[in-house]
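Asker:
There are 2 protein chains.
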Amino acid sequence: MEKIVIVGGVAAGPKTACRLKRLKPDAQITIIDQDELISYGGCGIPYYISGEVADADALRSTSFDLVRDEAFFADAKGVDVKTNMQATRIDRKSKTLHLKNLLNNTEEAIPYDKLVLTVGSRPVIPPIAGAELKGVYTISSLKSAIALQKYLREGDAEKAVIIGGGAIGIEMAEGLEDMWGLKTTIVEFLPQLLPNFIEKPIEQMLSHHLKKNNIDVFTSESVTALEADENGVVARVVTNKQVLEAELVLISTGVRPRDELAREAGLLVAPRGGIVVNNRMQTSDPDIYAAGDCIETYHQVSGKKTFAPLGSLANRQGRIVADNLAGIYSRFDGVVGSFIMKAFEICVGTTGLTLKAARAEGFDADMSFIVQSDQAHFIQGHEDIVLAMVFDRKSRRVLGVQGLSVMGDSILARINAAAGLLSRNAVIEDFSVLEMAYAPPFSTALDALNVVANVAENNIAGRFRPISLLDFIAWVENPESCPDRIVIDVRSVFDSRNEVERFGDLWLPLPYPEIRTRYQELPKDKELILVCGAGTRSYEVQVFLDSVGYTRNLVLEGSLMALRPMGIEWVSEED
Amino acid sequence: MEKIVIVGGVAAGPKTACRLKRLKPDAQITIIDQDELISYGGCGIPYYISGEVADADALRSTSFDLVRDEAFFADAKGVDVKTNMQATRIDRKSKTLHLKNLLNNTEEAIPYDKLVLTVGSRPVIPPIAGAELKGVYTISSLKSAIALQKYLREGDAEKAVIIGGGAIGIEMAEGLEDMWGLKTTIVEFLPQLLPNFIEKPIEQMLSHHLKKNNIDVFTSESVTALEADENGVVARVVTNKQVLEAELVLISTGVRPRDELAREAGLLVAPRGGIVVNNRMQTSDPDIYAAGDCIETYHQVSGKKTFAPLGSLANRQGRIVADNLAGIYSRFDGVVGSFIMKAFEICVGTTGLTLKAARAEGFDADMSFIVQSDQAHFIQGHEDIVLAMVFDRKSRRVLGVQGLSVMGDSILARINAAAGLLSRNAVIEDFSVLEMAYAPPFSTALDALNVVANVAENNIAGRFRPISLLDFIAWVENPESCPDRIVIDVRSVFDSRNEVERFGDLWLPLPYPEIRTRYQELPKDKELILVCGAGTRSYEVQVFLDSVGYTRNLVLEGSLMALRPMGIEWVSEED
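Residue numbers (our numbering), protein chains in the order written: chain A, 1 to 575; chain B, 1001 to 1575.
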């Protein structure tokens, strides 16, 4: 009977085990885990902390409410599970795995025919004094989440600081604020939240939304020390700019692959971490496979190796390991980086590369950016959807899509539509005609994803020349920085437009339907910044002005509708 | 100055005109329309009837609330529009379009350099006696919708019959019932609603939902005559099975392309209707283009010509016509058939071919079918999502995806993700690893779309052998039809399971975790129908039973969770 030993029992490991047992019912499959809790939805931990998930067992239960413990795996799955067992060494010559029983410190060794490493990742702990204090947590496992929840329940923490503005940090902030009423602050070392996931204007919308929900956000700020009260419990977070009070500190500054076991066994491991596997999920030892957070994978857009620690990928990879172990040809060709998250009443999603990442990879990258309705504008209750598309000007390849909307699946619908095409080198024109399903309650006749591609096409052709939101905001806050610029506002209604009053001569109204008869009123010696509600009118005016020789003009990218979500209060609310 | 004449001013025509004017500001562009209302969202008509859209002008307004009338096109777009003008003849030799002014019956002719036909479609009126009666409507234009609304407002209709169970018929039924309180009946000639769009089990869920919302649905029933009251207003609908009272009858039995003008001008027109165009949208006369409902297009899955009258496609095609007229290489390579609709509290979507259509096209087609959670099962308020995947057993190509869920964008997210891959000949394995964005509030770690692909893969491999929902239902309603079958119910909880009581010896409980120790209790002389809540347990049991020699077993496709939405009341509600 073939012996399959799997090290790591959270996501990829159990998936491998269960699928393989179905493919090869006679295989003897053993899962080893150093923890006592296995096979849980790690991505659900923030929802456990927030109280959305009532108790920790729900995260390790099936959809039909059986807890996935050792007995469940034995009885229902026919898979042997050994918990509280640490894999200490792989003897590849004798094909033996050495184990330490963490409960009684005894050692043992078990033979394998095939070994699967699904050992996951561990949190990166920055070298901060005080990181070991009571009240300082990482969310590295369900066990640590249970401990944190106990601390919250039994203690009287009133203020929390989260170090790291990634997805888990933001999700945890929501949980701490919403469920536990903690005054919560996020401190991020880089200049923005979700670095490497979203463009700055979208990040500014996210950040503004968090602040509206009582979360303080500090970026470009680094924590230098954690300080304790007289009981040795954390009390203060010292940054390079301030001191924050906190009885709870969460460190969520990313994870790195647990690759030591592989490295020590002489398997190929990437210099920056991650077990090297081929697209059949096989390590440099043909009898050892690896999957999940502990591996290095391939980015299908950048064409480079990457690290993509996500439970959803671990599940896909686990299935592929099982297939290959059972003799079924099955490949994992890499990732495009699909990502989505909820933050209070909004959600943010992305797939592919950001503009900055794309440029760093050598693409001649640029971005289109729109704010428009998620449903036909005549449907009541339609909401704005923000989409950005990153593309290569030379090859016209689409490199990434990002979006933000109110909570719901509208961003999911656009990100998922993009993901499949991104993995297949699709160009802008493929997105222009992509057949998004249409009915008025679901989208506009040309879906936002089609439109953001059309804007990209017009941009490359030089017909659409934008000024970025950030450049525009910087200029209106300091018009002297570019004194020969003025705004031409081509919206129709100007009663009670704050901005016309606020900016005076710098902000001239000229309704869009009048442009063809009145354009000669425009100053020829100024750079004209064309603005409107959603960007379609100002684009059309740009094209017209170009045709009559007023070519010194730029359209506000994303339009005025983008400003209020970014926290710019002076822009009027109505279109 | 180049003269572009566009015949038809609803969707493709205005899109062509506006895009072309931006690309070639010096072109002289004229839109001709026989109606007086132009450039409206025809797909919004049911929402106008339902009152969701407050007045008809909203359907022909921009998102910034300007009505798209002749003045708007002249002032804002620089495009000339002639309404109430019927194009009567194309003189291709002299490149002249002959027109009749419908207001004063005068005739005129205008020259063109390029002509664009975007004349749309007209409703198919079946040969039913009385179709011309007062109170009988088609929804062929905004004008007819306004007339219908006036009839509803001013009359006292209490009952409506809708002839035709397609999307518009169903959307109109909702509007008539919801807004106007009419007792509404849908009569469909074919055996199901949305024929050629969805599989029968999904249709049965839709039909059940309509009935719960007070809509009567009769399929496989044909209307033979409409009868009037003493005032000549429709009063009765006579079918081949019954007589229905109705003071309002809507005929929505499909549309056919308006291709006469093209045909009479000697342009190539498909035998079954539709102007023939190449993928640059050019007719058989290089100076004449066509787009929208009046053309024949190409189905990227079937590889055959098709007719796809949708406003969303018309908009895409209009843009491509404009590009090509402006010398930009731009192609429309066909459709995959993406479709979505709302029906009261649920929505139904599809892309690609149905199983029946795929088989008719010669594919070795089969289907996988799942019901599962749209979010991680530990998220409160998660809902069921139904997905079906049609695939070719030989080539493994995915041919279609369909779904149903509660109203929202969760089906949109799966249909849109599938659409791009369908157009690129993707196989099942591409869908298995498709990187759907994941976080617990948005999907399961393996998204439903990944799962339905995995089920297809297991089906082809022979590991997963289903009995279809319809076969199962037929059998339990008449067990004598297959007397040596029994149901093995592998769910865990059996208290208050109606079905165990109802079916007695035919319905044996055997909880999933006990299968490996108790399988020998199962009868060897019976065909075992394995059922559970969501299908995962029964599949696993199937694999296990196969491995121990109990190979005469089938899994209920879609699982017991599919039954209640189909209107099967005896199945217990809890998992």
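Built from N, CA and C at the ideal position, the CB exists for glycine as well.
Consider the Cβ of residue 339 of chain A: report whether some Cβ of chain B lies at a distance smaller than 8 Å.
Answerer: Against the first sequence, residue 339 of chain A aligns to sequence position 339. So, interface residue.
Asker: Show which residues of chain B have a CB atom less than 8 Å away from the CB atom of residue 72 of chain A.
Answerer: Taking the first sequence and counting its residues from 1, the one referred to as residue 72 of chain A is at position 72. Per Cβ cutoff of 8 Å: 1513.
Asker: Nearest-angstrom Cα distance between residue 379 of chain A and residue 1367 of chain B?
Answerer: Start at 1 with the first residue of the first sequence, and residue 379 of chain A comes out as number 379. Start at 1 with the first residue of the second sequence, and residue 1367 of chain B comes out as number 367. Cα to Cα, residue 379 of chain A sits roughly 35 Å from residue 1367 of chain B.
Asker: Any idea which residues DSSP pairs residue 98 of chain A with across the strands?
Answerer: For the purposes of this step, residue 98 of chain A is taken as residue 98 along the first sequence, with counting starting at 1. DSSP, once it has assigned bridges, lists A/89 and A/109 as partnering residue 98 of chain A.
Asker: Please state whether the Cβ-Cβ distance between residue 1325 of chain B and residue 1114 of chain B is less than 8 Å.
Answerer: Position 325 of the second sequence, counted from the start, is the residue given in the question as residue 1325 of chain B. Position 114 of the second sequence, counted from the start, is the residue given in the question as residue 1114 of chain B. Contact flag set, yes.
Asker: Look up residue 289 of chain A in the DSSP assignment and say whether it is helix, strand or coil.
Answerer: Working through the first sequence from its first residue, we reach residue 289 of chain A at position 289. Residue 289 of chain A falls in the strand class under three-state DSSP.
Asker: Find the residues of chain A that neighbour residue 1377 of chain B, judging by a C-beta separation of less than 7 Å, and give them in chain order.
Answerer: Counting from 1 along the second sequence, the entry for residue 1377 of chain B is found at position 377. What residue 1377 of chain B touches in chain A: 63.
Asker: Can you tell me whether residue 570 of chain A is buried or exposed, with buried defined as 16 or more other CB within 10 angstroms of its CB?
Answerer: By 1-based counting over the first sequence, the position of residue 570 of chain A is 570. That one is exposed.
Asker: Please go through the stretch 1477-1564 of chain B and give each complete alpha helix (DSSP H) segment of 4 or more residues, from N-terminal end onward.
Answerer: 1498-1503, 1515-1518 and 1536-1547
Asker: Residues of chain A with CB closer than 7 Å to the CB of residue 1294 of chain B, please, in chain order.
Answerer: The residue labelled residue 1294 of chain B in the question sits at position 294 within the second sequence. Result: empty, since nearest Cβ-Cβ is about 17 Å, beyond 7 Å.
Asker: Is there a Cβ of chain A sitting closer than 8 Å to that of residue 1380 of chain B, yes or no?
Answerer: Sequence index remark: in the second sequence, residue 1380 of chain B carries index 380 (1-based). At least one chain A Cβ lies under 8 Å of residue 1380 of chain B.
Asker: Thinking C-alpha only, which one of B/1028, B/1084 and B/1051 is nearest residue 1078 of chain B?
Answerer: Locating residue 1078 of chain B in the second sequence gives position 78, counting from the first residue. When each option's Cα is compared against that of residue 1078 of chain B, the closest is B/1028.
Asker: Check distances from the C-beta atoms of the stretch 28-55 of chain A to those of chain B and list, in chain order, the residues that come in under 7 Å.
Answerer: 41, 43, 44, 47, 52 and 53
Asker: Please name the residue, chosen from B/1267, B/1091 and B/1410, that lies closest to residue 1442 of chain B on a Cα-to-Cα basis.
Answerer: What you label residue 1442 of chain B is simply residue 442 of the second sequence in a count that begins at 1. For residue 1442 of chain B, the nearest C-alpha among the options comes from B/1410.
Asker: Have a look at residue 1524 of chain B and residue 1550 of chain B and give me their C-alpha separation to the nearest angstrom.
Answerer: Residue 1524 of chain B sits at position 524 when you count from the first residue of the second sequence. Residue 1550 of chain B sits at position 550 when you count from the first residue of the second sequence. For residue 1524 of chain B and residue 1550 of chain B, the distance between alpha carbons rounds to 7 Å.
Asker: On a CA-only basis, which of B/1429, B/1369 and B/1174 is nearest residue 1469 of chain B? Give me that one, please.
Answerer: Position 469 of the second sequence, counting from 1, holds the residue named residue 1469 of chain B. Ranking the options by Cα distance to residue 1469 of chain B, first place goes to B/1369.
Asker: What's the gap between the Cα of residue 1014 of chain B and the Cα of residue 1031 of chain B?
Answerer: The count along the second sequence starts at 1 and reaches residue 1014 of chain B at position 14. The count along the second sequence starts at 1 and reaches residue 1031 of chain B at position 31. Whole-angstrom Cα-Cα distance: 7 Å.
Asker: Using a beta-carbon distance below 8 Å, is residue 1253 of chain B in contact with chain C?
Answerer: Although the question refers to chain C, the structure presented lacks it and instead comprises the protein chains A and B.
Asker: Indicate whether residue 1527 of chain B and residue 1484 of chain B have their beta-carbon atoms separated by less than 8 Å.
Answerer: Position 527 of the second sequence holds residue 1527 of chain B. Position 484 of the second sequence holds residue 1484 of chain B. Closer than 8 Å, so yes.
Asker: Chain A partners of residue 1440 of chain B, CB-CB under 8 Å?
Answerer: Along the second sequence, read from residue 1 onward, the residue named residue 1440 of chain B stands at position 440. Here the neighbours are 41, 43, 44 and 47.
Asker: The beta strand (DSSP E) spanning residue 1352 of chain B covers which residue range?
Answerer: Translated into the one-based positions of the second sequence, residue 1352 of chain B becomes position 352. Note, residue 1352 of chain B: beta strand (DSSP E), 1346-1352.
Asker: Against chain A, which members of the stretch 1178-1211 of chain B pass a CB distance test of less than 7 Å?
Answerer: none
Asker: Going by Cα to Cα distance, which pick from B/1408, B/1327 and B/1334 is closest to residue 1341 of chain B?
Answerer: Counting from 1 along the second sequence, the entry for residue 1341 of chain B is found at position 341. That would be B/1408, whose Cα lies nearest to the Cα of residue 1341 of chain B.
Asker: Flag this pair as yes or no: are the beta carbons of residue 49 of chain A and residue 192 of chain A separated by less than 8 Å?
Answerer: For the purposes of this step, residue 49 of chain A is taken as residue 49 along the first sequence, with counting starting at 1. For the purposes of this step, residue 192 of chain A is taken as residue 192 along the first sequence, with counting starting at 1. The answer is no: Cβ separation not under 8 Å.
Asker: What separation, rounded to the nearest whole angstrom, lies between the Cα atoms of residue 1106 of chain B and residue 1092 of chain B?
Answerer: On the second sequence, residue 1106 of chain B is found 106 positions in, with the first residue counted as 1. On the second sequence, residue 1092 of chain B is found 92 positions in, with the first residue counted as 1. Their backbone Cα atoms lie some 22 Å apart in a straight line.
Asker: Compare the C-beta of residue 1342 of chain B against all C-beta atoms of chain A and say whether one is closer than 8 Å.
Answerer: By 1-based counting over the second sequence, the position of residue 1342 of chain B is 342. Closer than 8 Å to some Cβ of chain A, the Cβ of residue 1342 of chain B qualifies, so yes.
Asker: If you pair each beta-carbon of the stretch 325-335 of chain A with each one of the stretch 451-459 of chain A, do three or more pairs fall below 8 Å?
Answerer: no
Asker: Determine contact between the stretch 278-295 of chain A and the stretch 175-194 of chain A, defined as no fewer than three beta-carbon pairs at a distance below 8 Å.
Answerer: With a cut-off of 8 Å, the stretch 175-194 of chain A and the stretch 278-295 of chain A do not count as touching, because too few Cβ pairs lie within range.
Asker: Is there a Cβ of chain B sitting closer than 8 Å to that of residue 25 of chain A, yes or no?
Answerer: Translated into positions along the first sequence, residue 25 of chain A becomes position 25. True, the Cβ-Cβ gap to chain B drops below 8 Å.
Asker: In chain A, what lies closer than 8 Å to residue 1349 of chain B by C-beta?
Answerer: As a first step, residue 1349 of chain B is located in the second sequence; it is residue number 349 there, counting from the start. Those are 437, listed as they occur along chain A.
Asker: Taking all protein chains shown into account, do 16 or more other C-beta atoms lie within 10 angstroms of the C-beta of residue 993 of chain B, making it buried, or fewer, making it exposed?
Answerer: Outside the displayed span of chain B (1001 to 1575) sits residue 993 of chain B, for which this structure offers no information.
Asker: Using a cut-off of 9 Å between C-beta atoms, extract the partners of residue 1002 of chain B located in chain A.
Answerer: Stepping through the second sequence from its first residue, residue 1002 of chain B is reached at position 2. Simply none; closest approach about 14 Å.
Asker: Quick check on residue 260 of chain A: buried or exposed, where buried means 16 or more other Cβ atoms within 10 Å of its Cβ?
Answerer: Start at 1 with the first residue of the first sequence, and residue 260 of chain A comes out as number 260. It is exposed - the Cβ of residue 260 of chain A has fewer than 16 other Cβ atoms within 10 Å.
Asker: Listed in chain order, which residues of the stretch 1415-1436 of chain B have Cβ atoms closer than 9 Å to some Cβ of chain A?
Answerer: 1415, 1416, 1417, 1418, 1419, 1420, 1421, 1422, 1423, 1424, 1426, 1429, 1430, 1431, 1432, 1433, 1434, 1435 and 1436
Asker: Measure from the C-beta of residue 1153 of chain B to each C-beta in chain A and report whether the shortest distance is under 8 Å.
Answerer: Here residue 1153 of chain B refers to the residue found at position 153 when the second sequence is read from its first residue. Not closer than 8 Å to any Cβ of chain A, the Cβ of residue 1153 of chain B fails to qualify, so no.
Asker: Check each residue of the stretch 215-245 of chain A: if its Cβ is closer than 7 Å to any Cβ of chain B, include it; give the result in chain order.
Answerer: none
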